[in-house]
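Asks: One line per chain: the protein sequences are D and U, in this order.
This note's numbering numbers the first residue of the first sequence as 1 and each following residue consecutively.
This note's numbering numbers the first residue of the second sequence as 1001 and each following residue consecutively.
2 protein chains.
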Amino acid sequence: MPANVKKTNPSMQDVARFAGVSIATVSNVINRPEKVSAATTEQVRAAIAELGFVRNDAARSLATGTTSSIGMVLADLDNSLFVDMAHGAQQGADAVGLRLLIGNAACDMTRQDDYLRLFDEARVGGVLLSPMEDSLAGIERMRSHGRPMVLLNFEQSGADCCTVLVDNEEAGYVAARHLVETGRTRIGFVAGRDYYQPVHARRLGVQRAVRETGGVELEEIGTDGLGFEDGLAVAHDLAGRAADRRPDGIVAVTDEIANGIAEGLHATSAVQVPGDIAVVGCEDNRSARSGPVALTAVQLEGAAMGQAAAELLLEEMKTPAGEHRHRTVMIRPGLVVRASTAVPAPQA
Amino acid sequence: MPANVKKTNPSMQDVARFAGVSIATVSNVINRPEKVSAATTEQVRAAIAELGFVRNDAARSLATGTTSSIGMVLADLDNSLFVDMAHGAQQGADAVGLRLLIGNAACDMTRQDDYLRLFDEARVGGVLLSPMEDSLAGIERMRSHGRPMVLLNFEQSGADCCTVLVDNEEAGYVAARHLVETGRTRIGFVAGRDYYQPVHARRLGVQRAVRETGGVELEEIGTDGLGFEDGLAVAHDLAGRAADRRPDGIVAVTDEIANGIAEGLHATSAVQVPGDIAVVGCEDNRSARSGPVALTAVQLEGAAMGQAAAELLLEEMKTPAGEHRHRTVMIRPGLVVRASTAVPAPQA
DNA sequence: GCCACTGATTTAAGCGCTTAAATCCGGGAC
DNA sequence: GTCCCGGATTTAAGCGCTTAAATCAGTGGC
Chain D
1 MPANVKKTNP
11 SMQDVARFAG
21 VSIATVSNVI
31 NRPEKVSAAT
41 TEQVRAAIAE
51 LGFVRNDAAR
61 SLATGTTSSI
71 GMVLADLDNS
81 LFVDMAHGAQ
91 QGADAVGLRL
101 LIGNAACDMT
111 RQDDYLRLFD
121 EARVGGVLLS
131 PMEDSLAGIE
141 RMRSHGRPMV
151 LLNFEQSGAD
161 CCTVLVDNEE
171 AGYVAARHLV
181 ETGRTRIGFV
191 AGRDYYQPVH
201 ARRLGVQRAV
211 RETGGVELEE
221 IGTDGLGFED
231 GLAVAHDLAG
241 RAADRRPDGI
251 VAVTDEIANG
261 IAEGLHATSA
271 VQVPGDIAVV
281 GCEDNRSARS
291 GPVALTAVQL
301 EGAAMGQAAA
311 ELLLEEMKTP
321 AGEHRHRTVM
331 IRPGLVVRAS
341 TAVPAPQA
Chain U
1001 MPANVKKTNP
1011 SMQDVARFAG
1021 VSIATVSNVI
1031 NRPEKVSAAT
1041 TEQVRAAIAE
1051 LGFVRNDAAR
1061 SLATGTTSSI
1071 GMVLADLDNS
1081 LFVDMAHGAQ
1091 QGADAVGLRL
1101 LIGNAACDMT
1111 RQDDYLRLFD
1121 EARVGGVLLS
1131 PMEDSLAGIE
1141 RMRSHGRPMV
1151 LLNFEQSGAD
1161 CCTVLVDNEE
1171 AGYVAARHLV
1181 ETGRTRIGFV
1191 AGRDYYQPVH
1201 ARRLGVQRAV
1211 RETGGVELEE
1221 IGTDGLGFED
1231 GLAVAHDLAG
1241 RAADRRPDGI
1251 VAVTDEIANG
1261 IAEGLHATSA
1271 VQVPGDIAVV
1281 GCEDNRSARS
1291 GPVALTAVQL
1301 EGAAMGQAAA
1311 ELLLEEMKTP
1321 AGEHRHRTVM
1331 IRPGLVVRAS
1341 TAVPAPQA
């Protein structure tokens, strides 16, 4: 219908005029229909449809001082963990009729900051942030403006916010425990440097699992980084050892490392996964490079984190300022068992 | 500094009072600093910092009738193609200083509609939409409100919008061509039903490639659906045939099917991939189930699509209403060669 | 000393919506 | 016939910002 295209966005005023009522009545039809007689409602509805009226949200939120949306700034949408968080948050928001707006920082600190500022200026009801390293400045800015905010997956020291974390100590524990329970007795923990927070926690968890169990040894195998290449290097080392001098089960601190190890061992074909060595990863990241063997991994439960975060945020949003007590929620990781830790078949 | 938390969001009025100037001067300091003397600017800046003032975007956009953001509604963030599109769009938006807000429909039509409505009410500058089947109603609503909009990856018949599509005919052609060039002579095209738009186009492309080449046969192998299971079924069929009665190269219309075929053949181990049969997928979807062999696949170039879409949108946004001519941009797919189409080694 | 002129600042009129308070109007109740 | 009442509708006062137009100094020219 290109013939009767509306030139300009009609306002409530236009609708009111068209329907022969006052602007307040139009507003009432939209917001409190029970206050308006049936006949009038009908007329106004017709006018709205006829004119193609769309309520101007800027004016609305200016007048009411509220918004119906919350913002979420994600560190990296390429990483499926964050996509899962978005899902969870969306679910949480949906439940109370809030709309979730997503900004993807794409690992760019400037962009993270831009989005925070945008949401701040847009006066969203609150913000969910999966911060990148050292986001304190941006966080404090939001806080000082009194905007509710929840941090996801990162413990920003000094930040005065509710936080949702995955229990990384538990993640390490679960991974190691799984190996022990499937009969492995020489556990290897492959870990990058400790100064990346979660690595440290996972190490602790693995140690605890080993300590709790009799007759199991633990070897810690260091790497330079946390990537696929580092896993390959470890595989190379392992393949060169005598059979009785290498672990029979490995907890890799990331999926990338785990895949690197599996790939490296697969290539030499001297050592079988899971026959000779079982491998567990620690992130269950869909986007992790897919290896030659389906990887058993600890699930970081992104959706659960997102949902918990949304709930914390809503809680803070509806608590009168000043009365809110920040909380930290720990999400317990799960375990997804796949081929890389299958119990060796008898005849193998 | 919990001691001097600001109770309420300070307004420009507050800043003006604090700095001892008029509200217009504050506005000028923010928007046209060149109009204000250095000394005044300094005072106002100080007041802004001291009070923690944040410009209220609702008021601003109400007063100016403009926004600095565009919206993007994605069918499914779990699918990496859409994530790529988001990246591309973001890049396009960044280039002109617009902010990109993302809504994830998560395959839910209602949610897609909610987001469209939200963006409409928020008066965003324009909307990018990767529509789900039959989104005509929502699209028309936006269009009739005069909101610029670009469709991605789906040709909605009857929609009066710019559109960015991947050239699916070309995708089929590229895939088949690759097989032929690596020496395969009996091509199989594994395809679900034709009524899913891209399937049809890809079929045409494969046919063209075969037609263009002498000495190559084409066999079309139908499936019920487009998933992993369907691929498994095809593998089963193939494995049961005599060696000279089966294709030596397969174009699967989706990655899922391709992975199913590879997995199924791998399991029987009677037929080798790529030794006996090379397999090409058609989406290069990172989230596709990872198979036993790294899959050669046609790249749908999500990022390029996103960027092209953003550019079309910006073009429409700055063209005076009525003068805009809609365009459709076809993105040419690329090819990512991996193990599943490696040329058989001589000794194998 | 008066004036036109320039640059800095202020005034004031909205932008489109919400909402408390005021107004209207048609029935009973008396 | 007069009052009062309650539901329906309208009036009017903002919400916080932008911006064109008006005001207000100083300056230098004469």
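C-beta: ideal position from N, C-alpha, C; glycine also.
Return the residue from the list U:V1206, U:V1271, U:I1070 that minimises the CA-CA distance to H1236 of chain U.
Replies: It is U:V1271.
Asks: Do you know offhand how far T182 of chain D's Cα is from E301 of chain D's?
Replies: Answer to the nearest angstrom: the Cα atoms are 23 Å apart.
Asks: Looking at the secondary structure, which residues open and close the alpha helix (DSSP H) in which R1211 of chain U lies?
Replies: 1197 to 1212 is the extent of the alpha helix (DSSP H) around R1211 of chain U.
Asks: Could you check what DSSP says for Q1112 of chain U in three-state terms: helix, strand or coil?
Replies: Correct three-state label for Q1112 of chain U: helix.
Asks: Quick one: using the 10 Å Cβ neighbour count with 16 as the cut-off for buried, is G65 of chain D buried or exposed?
Replies: Exposed.
Asks: What residues of chain U sit near S340 of chain D, judged by a beta carbon separation below 9 Å?
Replies: The contacting residues do not exist; S340 of chain D stays about 13 Å from chain U at best.
Asks: Let me confirm a value: H326 of chain D is counted as buried when at least 16 other C-beta atoms fall within 10 Å, else exposed. Which label applies?
Replies: Exposed.
Asks: Look up M1301 of chain U in the DSSP assignment and say whether it is helix, strand or coil.
Replies: The identity of residue 1301 of chain U in the sequence shown is Glu, whereas the question assumes Met. Three-state DSSP puts E1301 of chain U in coil, outside helix and strand.
Asks: Among all the DSSP beta bridges, which residues are the ones paired with R1186 of chain U?
Replies: Looking at the DSSP assignment, R1186 of chain U forms a beta bridge with U:E1217.
Asks: Can you give, in chain order, each stretch of the beta strand (DSSP E) that sits fully within the region 78 to 160 of chain D and has at least 3 residues?
Replies: For the region 78 to 160 of chain D, whole beta strand (DSSP E) runs of length 3 or above, ordered along the chain, are 99 to 104, 127 to 129, 149 to 152.
Asks: For a test of the three-state rule: what should DSSP assign to A270 of chain D, helix, strand or coil?
Replies: Coil at A270 of chain D, not helix or strand.
Asks: Against chain D, does N1104 of chain U count as a neighbour if the rule is that its beta carbon must be under 8 Å from one of theirs?
Replies: Chain D contact via Cβ: present.
Asks: Report the residues of the region 1098 to 1123 of chain U with a CB closer than 9 Å to any CB of chain D, ordered along the chain.
Replies: Under the 9 Å Cβ criterion, the region 1098 to 1123 of chain U contributes R1099, L1100, L1101, I1102, G1103, N1104, A1106, R1111, D1114, Y1115, R1117, L1118, D1120, E1121, A1122, R1123.
Asks: Could you tell me the boundaries of the alpha helix (DSSP H) in which S61 of chain D lies?
Replies: It spans 57 to 64 - the alpha helix (DSSP H) in which S61 of chain D sits, taken as one unbroken run.
Asks: Nearest chain U C-beta to Q43 of chain D closer than 8 Å, yes or no?
Replies: Chain U contact via Cβ: absent.
Asks: The alpha helix (DSSP H) with S1022 of chain U in it runs from where to where?
Replies: Neither: S1022 of chain U is in no alpha helix (DSSP H) and is coded neither H nor E.
Asks: What ranges does the alpha helix (DSSP H) occupy inside the region 226 to 267 of chain D, keeping only unbroken runs of at least 4 residues that lie completely in it?
Replies: Fully enclosed alpha helix (DSSP H) runs of 4 or longer: 228 to 239.
Asks: Find out if the Cβ-Cβ distance for the pair A1086 of chain U, A1105 of chain U is shorter than 8 Å.
Replies: Contact: no.
Asks: I want to know whether the region 295 to 314 of chain D touches the region 90 to 98 of chain D - three or more CB-CB distances under 8 Å.
Replies: A contact exists between the region 295 to 314 of chain D and the region 90 to 98 of chain D.
Asks: Ordered along the chain, which non-local residues of its own chain (more than five positions away) have a Cβ less than 6 Å from that of V293 of chain D?
Replies: The answer, listed in chain order, is A262, V273, A339, S340.
Asks: With DSSP as the reference, label L1295 of chain U as helix, strand or coil.
Replies: L1295 of chain U: coil per DSSP, three-state reduction.
Asks: Of the choices U:L1232, U:T1185, U:G1231, U:C1282, whose alpha-carbon is the least far from that of P1247 of chain U?
Replies: Taking only the C-alpha atoms, the option nearest P1247 of chain U is U:T1185.
Asks: Can you tell me where the beta strand (DSSP E) with V1073 of chain U in it begins and where it stops?
Replies: First-last of the beta strand (DSSP E) with V1073 of chain U: 1069 to 1074.
Asks: Quick check on DSSP: helix, strand or coil for G1334 of chain U?
Replies: Residue state, collapsed to three classes: strand.
Asks: Give the range of the alpha helix (DSSP H) segment to which A1049 of chain U is assigned.
Replies: From DSSP, the alpha helix (DSSP H) with A1049 of chain U extends over 1038 to 1051.
Asks: Measure from the C-beta of A137 of chain D to each C-beta in chain U and report whether the shortest distance is under 8 Å.
Replies: By this cut-off, A137 of chain D is not an interface position.
Asks: Counting contacts by CB-CB distance shorter than 8 Å, is M12 of chain D in contact with chain U?
Replies: Output row for M12 of chain D: interface = no.
Asks: Assign T1341 of chain U to one of three DSSP states: helix, strand, or coil.
Replies: Reduced to three states, the DSSP call for T1341 of chain U is helix.
Asks: From Q1299 of chain U to A1171 of chain U, what distance separates their C-alpha atoms?
Replies: Their backbone Cα atoms lie some 8 Å apart in a straight line.
Asks: So the candidates are D:A239, D:L226, D:I187, D:D194; which of them puts its Cα closest to the Cα of G214 of chain D?
Replies: It is D:I187.
Asks: How would you label R1111 of chain U, buried or exposed, when you count the other beta carbons within 10 angstroms and need 16 or more for buried?
Replies: Buried, since its Cβ has 16 or more Cβ neighbours within 10 Å.
Asks: Under the assumption that L136 of chain D contacts E283 of chain D (Cβ atoms under 8 Å), give the Cβ distance between them as a whole number of angstroms.
Replies: L136 of chain D to E283 of chain D, Cβ: 25 Å. No contact.
Asks: How far does the alpha helix (DSSP H) with A1175 of chain U in it reach, from first residue to last?
Replies: First-last of the alpha helix (DSSP H) with A1175 of chain U: 1168 to 1181.
Asks: Please name the residue, chosen from D:I48, D:E34, D:L151, D:N28, that lies closest to N9 of chain D on a Cα-to-Cα basis.
Replies: Among D:I48, D:E34, D:L151, D:N28, the Cα nearest to that of N9 of chain D belongs to D:I48.
Asks: By a C-beta neighbour count over all protein chains shown, 10 Å radius and 16 as the cutoff for buried, is Q13 of chain D buried or exposed?
Replies: Label assigned to Q13 of chain D: exposed.
Asks: Check whether the region 204 to 212 of chain D and the region 1015 to 1026 of chain U touch, using three or more Cβ-Cβ pairs below 8 Å as the test.
Replies: Output reads no: the region 1015 to 1026 of chain U does not touch the region 204 to 212 of chain D.
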